[in-house]
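Take any residue in the sequence shown, count from 1 to its spot, add 112: that is its number in this note's numbering.
Every residue, glycine too, gets a C-beta built ideally from N, C-alpha and C.
None of these values were measured; they are calculated from a predicted model.
Written out below as structure tokens is the structure these notes cover.
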Amino acid sequence: MAHATLTQPLSRLLQPSFVLDYDGAVGTGPDGVQLQCWSDGITPNVSEGGDFQTFCDPFERTWDVSLKMTWELHALLKPMENQEVKAATQQSATKAVSANNREESFTVEVPSIPSPISGGVRSVNAVTLTFNQVGPSVFADTPAAAVTTPTG
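Here it is in structure tokens:
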């Protein structure tokens, strides 16, 4: 039996990109909201069942994003609350889209946004927001095919 040989090195999420409303449809501006500086964790999930299950797509996809909720971030996310927005993620925001740094774009439902009033003195507590993905993902491996402005 033949075995697959992995040629890419292990990767670490040092500066991942997670952009909401990249097309500005909700009015966040032409480039959307980059969650990188507020986030300390991103977890894509796939499970069977859920509200979006159909015979053509029997899996539910969600994105858990751990965010340091500040008043500034609250003000940026609140207009998107309970709406479908375009989103995109990339392993490294400091490198251009490529075969080793693909961009994944999709539509998500933005959950209710909690108030940032929690925590102790001089602390900013993280909250985890779960974004339900609506429909399939689209992958880009060249800057020309990317939906967000490539960096690097």
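Test item: CB-CB of Y274 and A200 under 8 Å:
One cannot answer for residue 274 here, as it falls past the ends of the chain, which runs 113 to 264.
Can you tell me where the alpha helix (DSSP H) holding A208 begins and where it ends?
From DSSP, A208 is part of no alpha helix (DSSP H); its letter is neither H nor E.
Spatial neighbours of T219 within its chain, please: CB distance less than 8 Å, with the 5 preceding and 5 following residues excluded, ordered by chain position.
Closer than 8 Å at Cβ, skipping near neighbours: E196, V197, K198, A199, Q245, V246, G247.
Any idea if R173 is buried or exposed, counting beta-carbon neighbours within 10 angstroms, 16 or more meaning buried?
Under a 10 Å Cβ-count criterion, R173 is classified as buried, with 16 or more other Cβ atoms of the shown protein chains found around its own Cβ.
Should E215 be labelled buried (16 or more other beta-carbon atoms within 10 Å of its own) or exposed?
With 16 or more other Cβ atoms within 10 Å, it is buried.
Range covered by the alpha helix (DSSP H) that runs through L185
That run of the alpha helix (DSSP H) goes 183-189.
Where P255 sits in the DSSP three-state scheme:
Under the three-state reduction of DSSP output, P255 falls in the helix class.
Helix, strand or coil, according to DSSP, for P262 in the structure here?
Note that P262 scores a pLDDT of 46, beneath 50, so its modelled location is shaky; the value from the coordinates is reported in the next line. Correct three-state label for P262: coil.
Beta-carbon contacts of M181 that lie in its chain and below 6 Å, excluding the five residues immediately before and after
The residues are P228, V239.
Out of C149, L189, F130, which has the shortest C-alpha to C-alpha gap to G139?
Out of C149, L189, F130, L189 has the C-alpha closest to the C-alpha of G139.
Taking the beta carbon of G264 as the centre, do at least 16 other beta carbons fall within 10 Å, making it buried, or is it exposed?
Caution is warranted here: a pLDDT of 45 is assigned to G264, below 50, making its placement in the model unreliable, and the coordinate value is therefore given only provisionally. Looking at its Cβ environment, which holds fewer than 16 other Cβ atoms inside 10 Å, G264 is exposed.
Assign T260 to buried or exposed, taking buried as 16 or more other Cβ atoms, counted over all protein chains shown, within 10 Å of its Cβ.
T260 comes out buried.
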